[in-house]
Amino acid sequence: MDGWVPLVSSVKKRQQRVALILDSKQIEYSVIDITESSEAATAEKEFMQTNALQKGSTISDPNPRYPLPPQIFKDEVYCGDYEGFDAANEEDKLEEFLQLRPATSTTTAEAVKDSEAEETAAVAVADDTSENKENKTEDNNGGAANDEV
1 MDGWVPLVSS VKKRQQRVAL ILDSKQIEYS VIDITESSEA ATAEKEFMQT NALQKGSTIS
61 DPNPRYPLPP QIFKDEVYCG DYEGFDAANE EDKLEEFLQL RPATSTTTAE AVKDSEAEET
121 AAVAVADDTS ENKENKTEDN NGGAANDEV
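Following full-length UniProt numbering, the numbering of the sequence shown begins with 1 at its first residue and continues without gaps.
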């Protein structure tokens, strides 16, 4: 049985990692234990299974029949599964994933950076052009040396 990881163990490790990351970033959260045998836990489990859009596959269960915990919700809005959470954390987009702040469009941020770069480039091009015009008036060949052989 070397290399075999029980499903419960891998799910538990994922839950612990989510909690560790949220704790380290001081993000408040509530843990809902769907394994309890109470009416509330049964209702929460049904809610998760109905509203989770990803199933949260694991190595030992790549195609689960029902969504596997941890599934992340903000109130009743689905945020994603463990893979989405982990990817958002790695890409430094966890706050957007958890819907704690509006998603910043990377295209908007890139457009601002690009427009600033274009302004800088445009200034540089304008400066080069004016220098060439000045040089052209001084030696009538744009500042280029006569290299006739």
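Glycine included, each C-beta is placed from N, C-alpha and C at the ideal position.
Values in this document were obtained by computation on a predicted structure and should not be read as measured data.
Item: Whole-angstrom distance between residue 98 and residue 73, CA atom to CA atom; Value: 8 angstroms
Item: Burial state of residue 66, where buried means 16 or more other Cβ atoms lie within 10 Å; Value: exposed
Item: Whole-angstrom distance between residue 18 and residue 88, CA atom to CA atom; Value: 12 angstroms
Item: Buried or exposed (CB count within 10 angstroms, at least 16 for buried), residue 26; Value: exposed
Item: For residue 128, three-class secondary structure by DSSP; Value: Because residue 128 carries a pLDDT of 43, less than 50, the predicted location of this residue cannot be relied on, and the following value inherits that uncertainty. Looking at residue 128 - three-state DSSP - the assignment turns out to be helix.
Item: Beta-carbon gap between residue 55 and residue 64 smaller than 8 angstroms; Value: yes
Item: Whether residue 10 touches residue 59 by CB criterion (8 angstroms); Value: yes
Item: Cα-Cα separation between residue 53 and residue 83, rounded to whole angstroms; Value: 12 angstroms
Item: Buried versus exposed, by CB contacts within 10 Å (16 or more), residue 20; Value: exposed
Item: Residue 101 classed as buried or exposed, judged by whether at least 16 other C-beta atoms fall within 10 angstroms; Value: exposed
Item: Close-in-space but distant-in-sequence residues of the same chain around residue 85 (CB under 7 angstroms, 5 per side omitted); Value: 18, 72, 97
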